[in-house]
Amino acid sequence: MPDRLTSTGMSEDHSEARDLKPPLLRNHSFWGMTCTQFLGAFNDNLFKQLLLLLAVVAVVAGENGEQDLQGRAMIVFAAPFLLFSGLAGYLSDLFSKRQVIVLSKVAEIVVMSLGLLAFLWYARFGLHGMFVVLFLMGAQSAFFGPSKYGILPETLRPIDLPHANGIMLMTTFLAIILGTAIAGVLKVAFSDADQLWMVSAICVLIAALGTGTSLLIRKVPAAEPGLKFQPSSLTLPPETRRLLTTDKPLLAALLASCVFWLVGGLVQMSVNALGVLQLKLDAKATSLMVSSMAIGIAIGCILAGILSRGRFASGVVRTGIWGIFACLVLLSLPGGVHGQWLGFRGSIPTLLLLGMFAGMFAVPLQVFLQSRPPESQKGRMIATMNLANWIAILSSGVIYWGAGHFLERIAWQPNAMFALTAGIMVPVALWYRPVAQGL
1 MPDRLTSTGM
11 SEDHSEARDL
21 KPPLLRNHSF
31 WGMTCTQFLG
41 AFNDNLFKQL
51 LLLLAVVAVV
61 AGENGEQDLQ
71 GRAMIVFAAP
81 FLLFSGLAGY
91 LSDLFSKRQV
101 IVLSKVAEIV
111 VMSLGLLAFL
121 WYARFGLHGM
131 FVVLFLMGAQ
141 SAFFGPSKYG
151 ILPETLRPID
161 LPHANGIMLM
171 TTFLAIILGT
181 AIAGVLKVAF
191 SDADQLWMVS
201 AICVLIAALG
211 TGTSLLIRKV
221 PAAEPGLKFQ
231 PSSLTLPPET
241 RRLLTTDKPL
251 LAALLASCVF
261 WLVGGLVQMS
271 VNALGVLQLK
281 LDAKATSLMV
291 SSMAIGIAIG
301 CILAGILSRG
311 RFASGVVRTG
321 IWGIFACLVL
331 LSLPGGVHGQ
341 WLGFRGSIPT
351 LLLLGMFAGM
361 FAVPLQVFLQ
371 SRPPESQKGR
381 MIATMNLANW
391 IAILSSGVIY
401 WGAGHFLERI
411 AWQPNAMFAL
421 TAGIMVPVAL
431 WYRPVAQGL
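Taking the numbering used here, I'd label the letters of the sequence shown as residues 1 to 439.
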């Protein structure tokens with residue numbers, strides 16, 4: 001006799017089985033997802049930081065008309081999220097999120113193989129070939145994102161979500177630390193860009209390993225297998241639009257998340273410019289500065305997971321907001337030998353603190369945006385979050401590009417960009433006042 005069906009079309013036995021979720025530390029599916037995310041983030045940031053260093057070093061070398069191309073690179077990486085996030089969210093609800101994750105990891109192998117060719121033929125195609133691969137990396141990440149975060153509420157107990165998100169974000173930023181730091185070391189070791197194909201060969205192997213770890217993720221049914229495609233699925237689905245217009249705390253959290261990623265994009269590019277152009281550091285030391293911020297984020301993620309205690313902790317968010325603002329102001333202060341008061345030694349601990357406060361800001365928002373929507377809309381809501389966040393990251397590239405030209409024209413140092421970024425945090429610090437609540 002077939003299982004009795006519930007109103008959602010799932011068998012009652014199957015529905016009950018989904019609720020039998022093991023504790024976090026014994027959840028093999030979660031650790032498979034964590035490893036998969038770690039390896040993917042490492043690959044992305046190794047490749048992206050190499051490209052950003054190539055773009056900013058080109059200014060020192062007198063290439064590309066003396067323009068810092070980091071802003072353009074950030075725009076290229078962000079553009080696929082605007083184009084494909086809606087479709088990715090639709091697919092993550094239509095199909096099993098595990099299936100989408102595995103196929104996305106297979107696509108990563110292909111993209112990293114193309115990256116190998118782009119480095120191998122750098123002398124012929126230059127940064128233009130790298131930008132094509134960067135666009136494809138963004139596209140692969142756009143399809144991976146909604147399922148990656150949407151599968152957590154489907155495979156974890158609600159009480160485990162804050163801790164799980166803290167671990168996920170911590171390991172993600174550990175991957176960023178390693179990818180960013182190793183990119184700087186390898187850029188120094190392989191001074192010619194066309195030698196970096198050997199690095200990309202390692203990235204192909206890591207992508208293959210990540211595909212293997214994705215197979216450990218627990219099989220889950222499609223959230224809404226009968227979901228019909230509509231043109232609005234490519235942008236903002238009507239169900240998600242209605243949800244955001246009726247749920248003001250959810251909308252406020254989404255906007256705060258956008259500010260986090262806007263500021264994050266500006267800070268990464270500003271740190272690279274501060275190191276190479278202002279403090280006259282090599283790529284290795286500059287990547288150490290970026291890595292110190294990522295270490296701080298990892299610490300902040302763990303702190304946020306512990307302090308949240310299974311709740312949306314508004315106090316943790318507010319502390320993170322004001323801490324970010326204070327650190328940005330410190331980084332912007334003029335003075336010293338190179339026109340920045342902190343210098344290299346002072347910037348390292350400040351960036352560490354900046355990262356810690358950023359982690360405290362990000363984790364509660366991430367948990368809230370995952371847990372708040374109805375289960376049938378989680379994939380599309382997370383895709384909307386990705387779309388909005390990447391509009392913010394693309395905007396960071398545009399702002400950096402425009403503000404950078406303005407700062408050059410008035411002969412201000414690159415660290416003035418931190419003051420602009422601190423100004424962006426002011427409205428959030430003054431007006432975002434979330435209410436603590438259970439999950």
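All residues carry an ideal CB built from backbone N, CA and C; glycine is no exception. These numbers come from a predicted model, not from an experiment.
Rounded separation between residue i and residue j - CA only
i      : j      : result
THR245 : VAL263 : 25 Å
ILE217 : PRO364 : 24 Å
GLY184 : PHE42  : 13 Å
TYR122 : LEU250 : 45 Å
LEU234 : LYS48  : 26 Å
LEU288 : ALA256 : 28 Å
SER332 : MET112 : 36 Å
LEU351 : SER292 : 6 Å
LEU169 : THR34  : 9 Å
PHE125 : GLY226 : 45 Å
TRP261 : LYS228 : 31 Å
GLY89  : ASN386 : 9 Å
PHE38  : LEU127 : 27 Å
ARG309 : SER85  : 31 Å
ALA17  : GLY404 : Its pLDDT being 43, under 50, ALA17 is placed unreliably by the model, and the measurement read from it follows with that caveat. So the two alpha carbons sit approximately 55 Å from each other.
VAL106 : PHE95  : 17 Å
LEU236 : PRO221 : 24 Å
7 Å Cβ shell around residue i - same chain, five flanking residues per side excluded
i      : result
LEU266 : SER396, ILE399, TYR400, MET417 and THR421
SER371 : PRO153, PRO158, LEU161 and LEU439
LEU281 : GLY275 and PHE344
TRP138 : Correcting the residue type first, residue 138 is Gly in the shown sequence and not Trp. PHE77, ALA78, ALA79, PRO80 and PHE81.
SER232 : PRO238
ALA304 : GLY166, VAL316, GLY359, MET360, VAL363 and PRO364
Own chain residues within Cβ distance below 6 Å of residue i, not counting five before or after
i      : result
GLY343 : GLY336
GLY150 : SER92, LYS97, LYS378, GLY379 and ILE382
GLY32  : THR213, LEU216 and ILE217
SER376 : ALA223 and GLU224
PHE119 : LEU196, TRP197 and SER200
MET130 : LEU51 and ALA118
GLY423 : none
Reduced DSSP secondary structure (H/G/I, E/B, other) of residue i
i      : result
LYS21  : coil
GLY126 : helix
GLN370 : helix
ALA222 : coil
ASN26  : For clarity, residue 26 is Arg in the given sequence; the question names Asn instead. In the structure shown, ARG26 sits in a helix (DSSP, three-state: H, G or I).
TRP121 : coil
PRO427 : helix
PRO349 : helix
TYR400 : helix
PHE131 : helix
ILE410 : coil
ARG98  : helix
CB contact flag (residue i, residue j, <8 Å)
i      : j      : result
ASN45  : ILE176 : yes
SER270 : PRO414 : yes
THR36  : ILE101 : yes
ILE297 : MET425 : no
LEU114 : LEU136 : yes
THR172 : SER29  : no
CYS258 : ALA392 : yes
GLY355 : ILE295 : yes
PRO434 : ALA253 : yes
ALA283 : LEU25  : no
Residue i Cβ short of 7 Å to the ligand HEM heavy atom set
i     : result
GLY71 : Because no ligand of any kind appears in the structure shown, any question about the ligand HEM cannot be addressed here.
Close-in-space but distant-in-sequence residues of the same chain around residue i (CB under 8 Å, 5 per side omitted)
i      : result
LEU430 : none
Whole alpha helix (DSSP H) elements within the region 314–343, 4-residue minimum: DSSP assignment within the region 314–343 yields the following whole alpha helix (DSSP H) runs of 4 residues or more, N-terminal first: 314–332.
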